[in-house]
Amino acid sequence: MQRKANKDINPIFLERWSPRAFSDEPVTQEEILTILEAARWSPSCYNEQPWRFAVAQSDEKKQAFVETLVKPNQAWAGEASALIYIVYKKTYMQTGNPNEWAFFDAGASWMAMALQAHMMGISMHAMAGFKQQKAAELLGLSDDYVVAAAAAVGRKGDKSRLPEQIQAMEEPSGRMAVEDLLIDF
106 MQRKANKDIN PIFLERWSPR AFSDEPVTQE EILTILEAAR WSPSCYNEQP WRFAVAQSDE
166 KKQAFVETLV KPNQAWAGEA SALIYIVYKK TYMQTGNPNE WAFFDAGASW MAMALQAHMM
226 GISMHAMAGF KQQKAAELLG LSDDYVVAAA AAVGRKGDKS RLPEQIQAME EPSGRMAVED
286 LLIDF
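Basically our numbering = 1-based index in the sequence shown + 105.
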């Protein structure tokens with residue numbers, strides 16, 4: 106699918122998408138740290154920076170990570186060079202009060218990572234298809250933290266590497282028109 110914007114936006118928004126097929130070429134530790142550096146500079150409520158990241162690059166950690174994913178994601182995510190959990194802290198550090206915007210801030214950090222990775226020629230695919238409690242247990246998190254999402258990181262590979270039923274989904278997707286997203290009041 107050829108993506109086309111209705112307004113003049115930066116091409117990165119059209120070029121970035123979430124592939125499932127990854128090559129064998131590794132993403133280095135330095136590249137992962139650069140991607141996380143971009144996330145570090147994301148905006149957050151009261152500059153709280155509630156996001157945290159758990160990175161799996163070794164075969165052992167990746168296998169443990171993959172076991173927390175739902176079956177359809179297990180079929181391809183393990184082939185990525187790295188897997189990352191995006192976690193957020195539910196309360197403010199200063200007061201301990203609930204941070205009702207932490208999930209929103211964690212989403213901003215994800216977008217920063219995805220765009221930075223794309224600019225580096227690296228692909229990321231975020232996943233909601235994982236078992237949150239199992240992931241939290243794997244990471245040893247207290248109840249004050251939530252695993253918001255999982256993400257696969259790697260260099261785009263050939264879709265023939267994917268199981269046949271997943272190959273058809275391996276292309277950029279479209280988006281709804283802005284007019285369909287507006288709430289009139």
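Glycine is no exception: its CB is placed at the ideal position from the N, C-alpha and C atoms.
The stretch 106-177 is shown to contain whole beta strand (DSSP E) runs of 3 or more residues at 156-161, in chain order. Of the other Cβ atoms in all chains shown, fewer than 16 fall within 10 Å of the Cβ of F118; this residue is therefore exposed. Distance from the CA atom of G201 to the CA atom of V252, rounded to whole angstroms, is 19 Å. Among the bridge pairs identified by DSSP, P203 is matched with T196. With distances taken between CA atoms, E130 lies nearest to V258 out of I271, V258 and G279. For the pair of segments examined, the stretch 172-184 was found not to touch the stretch 146-154: the number of CB pairs separated by less than 8 Å stays below three. Assigned with DSSP and collapsed to three states, F235 falls in strand. D210 sits away from Y197, with the two beta carbons spaced by 8 Å or more.
Under the three-state reduction of DSSP output, M281 falls in the coil class, being neither helix nor strand. In the structure shown, M274 falls within a coil segment according to DSSP collapsed to helix, strand and coil.
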